[in-house]
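What follows is one structure encoded as structure tokens, with my remarks underneath.
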Amino acid sequence: MTNIALAFLAAGLGAGLSIIGAALGIGKLAAAAMDATGRQPAAGGDIRTTMIIAAALIEGATLFALVVCVLLAVKS
Numbered sequence: 001m002t003n004i005a006l007a008f009l010a011a012g013l014g015a016g017l018s019i020i021g022a023a024l025g026i027g028k029l030a031a032a033a034m035d036a037t038g039r040q041p042a043a044g045g046d047i048r049t050t051m052i053i054a055a056a057l058i059e060g061a062t063l064f065a066l067v068v069c070v071l072l073a074v075k076s
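Per full-length UniProt numbering, residue 1 is the first one in the sequence shown, and the count goes up by one each step.
Structure below.
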């Protein structure tokens, strides 16, 4: 395999792992938020706001990881 092929393979694996990590993180976040809302429905608005902020942070970190993967693949 050439260096370019290995770079694209590594970028694909890195992107896939970052997406899987984000999906697991957001899934656990949503499950915890639903559990908390079920326990105390009056605090649903605050829980939802906190959940959306945490999900945005997870998405931001994932997007950063994807950009790094693409830049490393294109650089080589």
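For glycine and all other residues, C-beta sits at the position ideal for the given N, C-alpha and C.
Distance, residue j Cα to residue i Cα
i, j, result
"ILE52", "PHE8", "33 angstroms"
"ASP46", "ALA61", "23 angstroms"
"ARG48", "ARG39", "14 angstroms"
"GLY25", "ALA5", "30 angstroms"
"VAL70", "ASN3", "15 angstroms"
"LEU57", "ALA23", "13 angstroms"
"ALA36", "GLY27", "14 angstroms"
"GLY21", "MET34", "20 angstroms"
Three-way DSSP call (helix, strand, coil) for residue i in this model
i, result
"MET34", "helix"
Boundaries (first-last residue) of the alpha helix (DSSP H) holding residue i
i, result
"THR2", "Premise fails: THR2 is in no alpha helix (DSSP H) and is neither H nor E."
"ALA61", "44–75"
Cβ separation of residue i and residue j, assumed to be a contact under 8 angstroms, to the nearest whole Å
i, j, result
"SER18", "ALA65", "4 angstroms"
"LEU72", "ALA11", "6 angstroms"
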